[in-house]
């Protein structure tokens, strides 16, 4: 048992009413340091450009297609306009994107607080808003842990794990809306557990909780449409409680069914209010599935490749607690990371499983375990139901897992609250932690070491994310720019085929990295770019009627107008290249380093 008498100051502090606020401030400080560390140094990717461009009220349509572009022309949508209002932001967003406007309006107002004349300031400011919401999720997790399990101990463990979660840090360091969505999921789940507790006590849901719940749910849908999955999963748990309650009362000779229904009216009112808040977006939802920007979610074949969605899901789930460096160019490092992670997971799962089996038996926290556990189970059914049933693969991107992330952290914290206790001591119920010293002194040295190992693995994973050594980000424009700069001894043209602003953003990412490199003494320091648009009706087959312009003709025609020698780099160019007839030689791709997410082809053209 841990003898706190060895440290009188610790005993005095742990008995103080300021202990929990001060400890929570420690987790907030650690989480803030991790989320804001090297914030502007990581490479920017396509979706972040979309956030920045639309938040500024700009458009990708100002970037010319089918002609040679310089760096400044390609990056022109990043210019700010002081006189543009919120209405302009919303109008541009609805014309060019499939996202709701909630976060973009907030980001627009946020960016007005910063001088955006320099690129790094723009990137830092755009990511800082997401990082701030990520920091706010740390005390929010404390609140969810306390509400769900009536335990400040669980709240502290949940906040500690959220502070260093590699998955949480990764989302917080991107200029995207997912950290705000996570914060709203935590708020919705907090109302959800209060509702479950009210139903179990057979008391009506407080009106103010219901109003907050409706507001949070409506705002959540206005931030990200996948927030609707949170509402469906909560609804499934409430439906299960209704059925259990109905079955109980139908066999009760003393309690009428009306006795149960009375406590459900306010829950039904919340559902109606949330439905009204969500139906506002129904006209927009109808256009999303056929939109070119969302087709990639449907392009896979999860039924034929049955195991891949499951593998991806476990990779994203593991990253919530641990993530060691993965580098395809450094095989020994990758193997070592995989081995250490496997050993850690075997040890970790044993601890969590033991803690879960014991905690589920405790009456004072059983309700929280059942509520949040049922929610996680509902989310898993939805994710794999959409993936295998509808062909909409929600495991393709780690960011789509944000809905169940907070509940998973809370459940892990609840199980750890028991698993780190001294197994030889009398069980101390979690509700007794009003005086933290009672719980603190019941922990064994080994228990604290187990929690310390878990927390340290999360911290190392967060550092891995900060140094960009993880697998959560698949677009590495920085690596592509460095390869081009190193390999090219002649002026450079970088070309790709273009369908929508996703390809524009990817090219902007490479242009941004060249700006950052600022290699004035290199012939490749000022590359030119070509977005060869795939016009409607054009395709590869003989059955298609080619219009006057298509990527197969745009590329050689453009190359023919440029001075020689010339290095042509094709990135994800999905069309016949047809450059051999223009005195261009394809270099052996095996001589180039591999960059995940990019199909690179390098031609050298001479006069």
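Numbering (my numbering), first residue to last: -11 to 595.
The C-beta atom is built at its ideal place from N, Cα and C for all residues, glycine as well.
Residue interval of the beta strand (DSSP E) (run including residue i)
i: residue 520; result: 516 to 521
i: residue 347; result: Where residue 347 is concerned, there is no enclosing beta strand (DSSP E), although the alpha helix (DSSP H) it sits in stretches over 319 to 347.
i: residue 592; result: 588 to 593
i: residue 77; result: First-last for residue 77: 74 to 84, but that is the alpha helix (DSSP H), not the beta strand (DSSP E).
i: residue 557; result: 554 to 559
i: residue 47; result: Note, residue 47: premise wrong, no beta strand (DSSP E); not H, not E.
i: residue 550; result: Careful: residue 550 lies outside any beta strand (DSSP E) and carries neither H nor E.
i: residue 481; result: 480 to 486
Cβ-Cβ distance between residue i and residue j below 9 Å
i: residue 214; j: residue 160; result: no
i: residue 135; j: residue 367; result: no
i: residue 122; j: residue 206; result: no
i: residue 442; j: residue 339; result: yes
i: residue 493; j: residue 180; result: no
i: residue 541; j: residue 566; result: yes
i: residue 520; j: residue 543; result: yes
i: residue 386; j: residue 25; result: no
i: residue 383; j: residue 56; result: no
i: residue 59; j: residue 40; result: no
i: residue 460; j: residue 311; result: yes
i: residue 222; j: residue 363; result: yes
i: residue 393; j: residue 156; result: yes
i: residue 501; j: residue 31; result: yes
Residue i versus residue j: straight-line alpha-carbon distance, rounded
i: residue 546; j: residue 573; result: 16 Å
i: residue 22; j: residue 439; result: 20 Å
i: residue 130; j: residue 518; result: 50 Å
i: residue 554; j: residue 112; result: 35 Å
i: residue 402; j: residue 345; result: 11 Å
i: residue 253; j: residue 292; result: 45 Å
i: residue 13; j: residue 321; result: 35 Å
i: residue 330; j: residue 302; result: 12 Å
i: residue 92; j: residue 165; result: 8 Å
i: residue 162; j: residue 190; result: 44 Å
i: residue 100; j: residue 76; result: 15 Å
i: residue 81; j: residue 231; result: 42 Å
i: residue 297; j: residue 360; result: 23 Å
i: residue 607; j: residue 490; result: This structure leaves residue 607 out entirely; the chain is present only between -11 and 595.
i: residue 18; j: residue 149; result: 11 Å
i: residue 592; j: residue 477; result: 10 Å
i: residue 584; j: residue 473; result: 18 Å
i: residue 578; j: residue 588; result: 11 Å
i: residue 5; j: residue 16; result: 18 Å
i: residue 251; j: residue 337; result: 39 Å
i: residue 79; j: residue 350; result: 53 Å
i: residue 258; j: residue 202; result: 6 Å
i: residue 37; j: residue 87; result: 14 Å
i: residue 141; j: residue 151; result: 15 Å
Terminal residues of the alpha helix (DSSP H) in which residue i lies
i: residue 33; result: It is not in any alpha helix (DSSP H) - residue 33 carries neither H nor E in the DSSP assignment.
i: residue 498; result: 489 to 505
i: residue 309; result: Here residue 309 belongs to no alpha helix (DSSP H), and DSSP marks it neither H nor E.
i: residue 152; result: 140 to 152
i: residue 204; result: 195 to 211
i: residue 181; result: 166 to 188
Classification of residue i by the beta-carbon crowding that lies within 10 angstroms, buried from 16 upward
i: residue 391; result: buried
i: residue 389; result: buried
i: residue 467; result: buried
i: residue 463; result: buried
i: residue 69; result: exposed
i: residue 10; result: exposed
i: residue 33; result: buried
i: residue 398; result: buried
i: residue 458; result: buried
i: residue 304; result: buried
i: residue 400; result: buried
i: residue 196; result: exposed
i: residue 89; result: buried
i: residue 447; result: buried
i: residue 115; result: buried
i: residue 173; result: buried
Closer than 9 Å to chain D by CB, residue i
i: residue 341; result: Absent from the structure: chain D. Only one protein chain is present.
Exercise. Is the stretch 345 to 361 close to the stretch 137 to 156, with three or more CB pairs under 8 Å?
Worked result: Contact annotation: the stretch 345 to 361 touches the stretch 137 to 156, with at least three C-beta pairs closer than 8 Å.
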